[in-house]
Structure formats: C-alpha cells, structure tokens
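Engineer:
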Amino acid sequence: MARVTDEQIAEARKISLLDYFQSHAPGVLRHKGGGRYVHKDHDSFVIDNGKGQFFWNSKGVGGHSAIDYLMRIEGMGFIDAVKSLTEGSMPVLREVQKLPASAKPQEPHKPFSLLLSSFRQCQQRYRCHFIK
1 MARVTDEQIA EARKISLLDY FQSHAPGVLR HKGGGRYVHK DHDSFVIDNG KGQFFWNSKG
61 VGGHSAIDYL MRIEGMGFID AVKSLTEGSM PVLREVQKLP ASAKPQEPHK PFSLLLSSFR
121 QCQQRYRCHF IK
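Residues in the sequence shown are numbered from 1 upward in steps of one, following the working numbering.
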C-alpha cells in the first residue's frame with residue numbers, strides 16, 4: 001500500500017485551491033472582487049480565497065483546500081491527492097461536458113393576448129356574465 005509522510009501531507013495542505021487552478025487550469029476562474037473567484041463554466045462554483053474555502057452551490061459540495069477539491073470533486077483518494085500535489089504529478093482538470101442549450105429547439109415565447117372575440121365566445125358558450 002502506498003503511503004505518504006507527514007511532511008508530504010503538510011506540504012500538500014499549504015497549496016491553496018486558487019494556486020492549484022492557476023497552475024493547472026489557467027483562465028478557468030473569473031475574479032469577482034475581493035478574494036472571490038467563480039468558475040467560468042459553472043457560476044455556482046465559488047472560491048473564497050480570503051476565507052480559504054470553496055463551495056459548489058449547485059452540488060452542495062465544499063471544502064478548504066486543494067486536497068478537499070481533488071477528493072470531493074475529482075474523486076481521488078487522500079493518498080493520491082497528496083501525492084499528486086507534492087510529487088508534481090498533478091492531474092489536468094477533467095473536462096466537464098457541456099450540455100447543449102436544449103435537447104429540442106425552443107419556440108419563441110408568444111406575448112400574452114386576450115382577444116375580445118375569444119372573450120365573447122367564452123361568454124356565449126358558458127353563459128358567463130360579468131358585472132359591468
């Protein structure tokens with residue numbers, strides 16, 4: 001079984017998620033102000049570098065380090081995450097498949113309109129009378 005030393009764990013914990021993204025997926029994050037960054041393809045994925053945490057709101061997943069990200073989002077085990085951060089064999093972030101805008105073409109929305117003739121037909125058919 002592969003093992004990691006306490007020194008490797010300490011070294012891996014020093015690597016912030018922002019540093020990880022900047023070195024392995026430059027251009028993926030947009031700066032939103034202060035220490036906040038948002039993933040350009042997933043605006044619910046937020047990194048707050050000031051607080052040292054990230055959260056992917058739409059998935060309900062968060063954490064505090066690059067180790068947490070690799071384990072919770074990329075699906076790595078703890079030992080593999082630590083080794084990938086400390087041995088320089090960090091994986092390239094997997095491509096997230098974008099779904100097409102919609103599976104079926106959308107018709108343009110029609111504005112709401114109530115025609116007087118339709119209103120009159122309704123009155124005649126259902127013998128509706130409204131107070132004037």
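Positions of the beta carbon are idealized from the N, C-alpha and C atoms, including for glycine.
Please name the residue or residues paired with Phe54 in a DSSP beta bridge.
Structural biologist: Note: Phe54 sits in a beta bridge opposite Ile47, Gly63.
Engineer: Among Thr86, Leu85, Phe54, which one has its Cα closest to the Cα of Ile73?
Structural biologist: Phe54
Engineer: Give a yes or no on whether the C-beta atoms belonging to Ile15 and Val82 are separated by under 8 angstroms.
Structural biologist: no
Engineer: Is Val38 helix, strand or coil by DSSP?
Structural biologist: strand
Engineer: In chain order, what residues of the same chain have a beta carbon less than 8 angstroms from the beta carbon of Gly27, not counting five sequence neighbours either side?
Structural biologist: Lys40
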